[in-house]
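Visitor:
2 protein chains.
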Amino acid sequence: MTEACWVNGIPQDQVPVSDRGLQYGDGLFETLPAKHGQIPLLAYHLDRLHTGCERLAINAPSREKLQSELLSAACGEHHAILKLLITRGTGGRGYRPPPDSETTRVLIRHPWPDHPPAWSEVGIQLRVCSTRLGHNSRLAGLKHLNRLEQVLARAEWSERDPWQEGLMLDEEGAVIEGTMTNVFVRLVDDRRVTPELSRCGVAGVMRRHLLERSIEAGEPVHKTHLSMKELQGAREVFMCNSLIGIWPVRRLADQEYAVGDWTRRMQHWAREAGIGTH
Amino acid sequence: MTEACWVNGIPQDQVPVSDRGLQYGDGLFETLPAKHGQIPLLAYHLDRLHTGCERLAINAPSREKLQSELLSAACGEHHAILKLLITRGTGGRGYRPPPDSETTRVLIRHPWPDHPPAWSEVGIQLRVCSTRLGHNSRLAGLKHLNRLEQVLARAEWSERDPWQEGLMLDEEGAVIEGTMTNVFVRLVDDRRVTPELSRCGVAGVMRRHLLERSIEAGEPVHKTHLSMKELQGAREVFMCNSLIGIWPVRRLADQEYAVGDWTRRMQHWAREAGIGTH
Chain A
1 MTEACWVNGI
11 PQDQVPVSDR
21 GLQYGDGLFE
31 TLPAKHGQIP
41 LLAYHLDRLH
51 TGCERLAINA
61 PSREKLQSEL
71 LSAACGEHHA
81 ILKLLITRGT
91 GGRGYRPPPD
101 SETTRVLIRH
111 PWPDHPPAWS
121 EVGIQLRVCS
131 TRLGHNSRLA
141 GLKHLNRLEQ
151 VLARAEWSER
161 DPWQEGLMLD
171 EEGAVIEGTM
181 TNVFVRLVDD
191 RRVTPELSRC
201 GVAGVMRRHL
211 LERSIEAGEP
221 VHKTHLSMKE
231 LQGAREVFMC
241 NSLIGIWPVR
251 RLADQEYAVG
261 DWTRRMQHWA
271 REAGIGTH
Chain B
1 MTEACWVNGI
11 PQDQVPVSDR
21 GLQYGDGLFE
31 TLPAKHGQIP
41 LLAYHLDRLH
51 TGCERLAINA
61 PSREKLQSEL
71 LSAACGEHHA
81 ILKLLITRGT
91 GGRGYRPPPD
101 SETTRVLIRH
111 PWPDHPPAWS
121 EVGIQLRVCS
131 TRLGHNSRLA
141 GLKHLNRLEQ
151 VLARAEWSER
161 DPWQEGLMLD
171 EEGAVIEGTM
181 TNVFVRLVDD
191 RRVTPELSRC
201 GVAGVMRRHL
211 LERSIEAGEP
221 VHKTHLSMKE
231 LQGAREVFMC
241 NSLIGIWPVR
251 RLADQEYAVG
261 DWTRRMQHWA
271 REAGIGTH
């Protein structure tokens, strides 16, 4: 793997300070796995990016251009992470988006982070973060560049601590997601659920894949309000994203969970999409 | 005025794409007026920046260093705007703040934006934005780099429209602030108030100056919850920040307001601090 970086298709590792991505977090991003030159669930990443551009009224680069830049960054790479940022471009001192701004594309290739296989196999320990997610229905679901809540939440523990991921609640105490993952739960009454994200949270690409795959299989996962109490009494809990695949949760505070059939089936579906090592 | 830009004290107009300001909006900013080589209320700007660094656990550059860089950028300038960004620096692909990151300082000098004097004299028309402010008590009050809510709010109207500023409510409908200003109100019962900002909003430098000055004068302004109904029935309303000083509000939807004695006294106090042209 070679670390590399492009700005608007040109090898380059700087952006102008006037870029609205820096000035206001005025943009979006995607983090994608590159495996043997392929990008699993690429279409879903591009879908979310285009939804985001539409909702923020950012001029979206064409799917074809993004796809070809991403695939050529992935080409020949055994295993790497690609991070693509799309910002509204440069311009203006004030908040008002300039009418004619040209979108900035930043593409960065990182080494693959090797997580211990045990995290997929026997599961992880989850922390409940004290940093909460604020509600904003206009931004909910998007993977935008305003990520201070996640930065503060992730700063609550270090690598010496026993947790591998942190759970984030909203301001009302509802369970929403992990700092970098979505959460799926098999409740005590056997219902399978994941939090609905109409007021906050990031609608993950792996979440979408699992939701769709579970409908096809005739055992749908429902998007719903989820309380800490329901989570604590659950039968199975796992965290997922499009890089790690699925990490079962084996412990959350005093609560222990088994890694059940449902989680294993979901891991199988993630691997079918090319994601997850277990 | 000459437009100019420095990164960590060096004339330069780019930052690395790995800067966490771009990646996550992981930083803070201040916008300061430079007038005849001076920066009014400079100490208050530095106070807010240091509070912000403390709350985000960003290594704050020393006050002396920031002050000297700001004053040398102001030196010889008849009238300009300085924008100072402080980010957590470069490092890491994930949200977790690297333990040893070196803060990035970006300082930009812009031309002074000439607003029509009538906006200070006879007042402005205010729009009620449909974009709402989400609650996050850990970020409330800070001038951080996650500003998508303001960008979306400011995109709701253009320069062809009759409004000069937009009013932002929180998710519960409480009045919080303008897109780039704070709001002060003299209610129908003569109480003088400004919204409390414990759950969202930016605690402005001019707001602090006016709050302190009004206590000294024995006619304190109270920080409180403010409803649209109270605002609509108010006697006087004005918007303020440390660049424009004070803009009286003469119209909000169907409601018209007179520019009263209280607003004029506040404008006098702003001018005493060196801010506002009227």
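As given, the protein sequences belong to chains A and B, one line each in that order.
All letters in the first sequence, in the order written, are residues 1 to 278 by this note's numbering.
All letters in the second sequence, in the order written, are residues 1 to 278 by this note's numbering.
Glycine included, every Cβ here is placed at the ideal spot set by N, Cα and C.
1) Check B:His278 in the structure and name its three-state DSSP category.
2) Does A:Gln125 come within less than 8 Å of chain B when only Cβ atoms are used?
3) Given 7 Å as the limit, tell me if B:Thr263 has its C-beta closer than that to any heavy atom belonging to the ligand ADP.
4) Expressed to the nearest angstrom, what Euclidean distance is found between the alpha-carbon atoms of A:Tyr44 and A:Val205?
5) Tell me which residues share the same chain as B:Leu46 and place their Cβ nearer than 7 Å to its Cβ, disregarding the 5 neighbours each side in the sequence.
6) In whole angstroms, what is the alpha-carbon distance linking A:Arg207 and A:Thr90?
7) Looking at chain A, is there any beta carbon in it that lies within less than 8 Å of the beta carbon of B:Glu286?
8) How would you list, in chain order, the residues of chain B whose beta-carbon sits under 7 Å from the beta-carbon of A:Thr131?
9) Which residues, in chain order, does the segment 11 to 26 of chain B contribute to contact with chain A at a C-beta distance below 9 Å?
10) For chain B, is any of its Cβ atoms less than 8 Å away from the one on A:Glu290?
11) Beta-carbon of B:His278 versus every beta-carbon of chain A: anything under 8 Å?
12) Comparing C-alpha positions only, which one of A:Ile244, A:Leu243, A:Arg199 and A:Trp247 sits nearest to A:Thr224?
13) Given a threshold of 16 other Cβ atoms within 10 Å of its Cβ, counted over all protein chains shown, does B:His222 qualify as buried or as exposed?
14) Pick helix, strand or coil for A:Gly141, following the three-state DSSP scheme.
15) Please classify B:Val7: does DSSP put it in a helix, a strand, or coil?
16) Would you check if the distance between the CB atom of A:Leu85 and the CB atom of A:Ile39 is smaller than 8 Å?
17) Express the C-alpha separation of A:Val185 and B:Leu231 in angstroms, rounding to a whole number.
18) Identify whether B:Met206 lies in helix, strand or coil by the three-state DSSP scheme.
19) Cβ of B:Leu70 less than 8 Å from any chain A Cβ?
20) Counting only Cβ pairs nearer than 8 Å, list the residues of chain B close to A:Val106.
21) What in chain A is Cβ-close to B:Met180, meaning under 9 Å?
22) Whose C-beta lies closer than 6 Å to the C-beta of A:Pro248 among residues of the same chain, with five residues either side of it excluded?
23) Using alpha carbons as the reference points, say which of B:Val193, B:Gln125, B:Leu226 and B:Glu54 lies closest to B:Asp170.
24) Under a three-way DSSP split, which group does A:Arg265 fall into?
25) So with Cβ pairs under 8 Å, would you call B:Asn146 a contact of chain A?
26) How would you write the range of the beta strand (DSSP E) that B:Phe245 sits in, first residue to last?
27) Out of curiosity, what's the CA-to-CA distance linking A:Ile81 and A:Ile108?
28) Assess contact between the segment 265 to 272 of chain A and the segment 98 to 115 of chain A, defined as three or more Cβ pairs (one per stretch) separated by less than 8 Å. Is contact present?
29) Determine whether the Cβ of B:His36 lies closer than 8 Å to any Cβ atom of chain A.
30) Below 7 Å on C-beta distance, what does A:Cys5 contact in chain B?
31) Is the distance from the Cβ of B:Gln125 to the Cβ of B:Arg251 below 8 Å?
32) Going along chain B, which residues have a C-beta under 9 Å from A:Ala270?
33) For A:Ser279, which residues from the same chain have a beta carbon less than 7 Å from its beta carbon, with the 5 sequence-adjacent residues on both sides left out?
34) Would you kindly work out how many angstroms separate the C-alpha atoms of B:Pro220 and B:Ala273, rounded to a whole number?
35) Please list the terminal residues of the continuous beta strand (DSSP E) segment that includes A:Glu165.
36) What does the Cβ neighbour count give for A:Asn59, buried or exposed, with the cut at 16 atoms within 10 Å?
Guide: The short version:
1) A caution first: B:His278 carries a pLDDT of 43, below 50, which makes its placement in the model too unreliable to give a value.
2) For A:Gln125, the answer is no, since every Cβ of chain B falls outside 8 Å of its Cβ.
3) In the structure on display, the ligand ADP does not appear, and there are no ligands present to speak of.
4) Approximately 6 Å, taken between the alpha carbons.
5) Counting only Cβ-Cβ distances below 7 Å, and skipping sequence neighbours, we find Arg63, Leu66 and Gln67.
6) Distance between the alpha carbons of A:Arg207 and A:Thr90 is about 33 Å.
7) Any answer about residue 286 of chain B is impossible in this case: the structure gives chain B only from 1 up to 278.
8) Under the 7 Å cutoff, chain B gives Arg138.
9) Flagged, chain order: Gln12, Asp13, Gln14, Val15, Pro16, Val17, Ser18, Asp19, Arg20, Gly21, Leu22, Gln23, Tyr24, Gly25 and Asp26.
10) A question about residue 290 of chain A goes unanswered here, because the residues of chain A that appear run from 1 up to 278.
11) For B:His278, the pLDDT reaches just 43, beneath the cut-off of 50, and the residue's location in the model is therefore unreliable, although a value from the coordinates is still provided. Not closer than 8 Å to any Cβ of chain A, the Cβ of B:His278 fails to qualify, so no.
12) The option with the nearest alpha carbon to A:Thr224 is A:Arg199.
13) Exposed is the label assigned to B:His222, since fewer than 16 other Cβ atoms lie within 10 Å of its Cβ.
14) Look at A:Gly141 here: in three-state DSSP terms it is strand.
15) In the displayed model, B:Val7 falls within a strand according to three-state DSSP.
16) Not in contact: A:Leu85 and A:Ile39 (Cβ atoms no closer than 8 Å).
17) Our two residues, B:Leu231 and A:Val185, have alpha carbons roughly 45 Å apart in a direct line.
18) Of the three classes helix, strand and coil, the one that applies to B:Met206 here is helix, per DSSP.
19) B:Leu70 does not count as touching chain A.
20) Chain B residues near A:Val106: Val17 and Leu22.
21) The answer, in chain order, is Gly94 and Tyr95.
22) Counting only Cβ-Cβ distances below 6 Å, and skipping sequence neighbours, we find Gly123, Phe238, Val259 and Thr263.
23) Its Cα nearest to that of B:Asp170, the residue B:Leu226 stands out among B:Val193, B:Gln125, B:Leu226 and B:Glu54.
24) Secondary structure of A:Arg265 (DSSP, three-state): helix.
25) Interface residue, yes.
26) It should be pointed out that residue 245 of chain B corresponds to Gly in this sequence rather than to Phe. Judged by DSSP secondary structure, B:Gly245 falls within the beta strand (DSSP E) whose first and last residues are Gly245 to Leu252.
27) Straight-line spacing of the CA atoms in A:Ile81 and A:Ile108 works out to 8 Å.
28) By the C-beta criterion, the segment 265 to 272 of chain A is judged not to be in contact with the segment 98 to 115 of chain A, since fewer than 3 inter-stretch pairs fall below 8 Å.
29) When Cβ-Cβ separations below 8 Å define contact, B:His36 makes no contact with chain A.
30) Going along chain B in sequence order, the residues near A:Cys5 (Cβ under 7 Å) are Val17.
31) The answer is yes: Cβ separation under 8 Å.
32) Think of a sphere of 9 Å around the beta carbon of A:Ala270: no beta carbon from chain B falls inside it, the nearest being about 20 Å out.
33) Outside the shown range of chain A (1 to 278) lies residue 279 of chain A, about which nothing can therefore be said.
34) Their Cα atoms are separated by approximately 18 Å.
35) Residue range Glu165 to Leu169 is occupied by the beta strand (DSSP E) that includes A:Glu165.
36) Under this definition A:Asn59 is an exposed residue.
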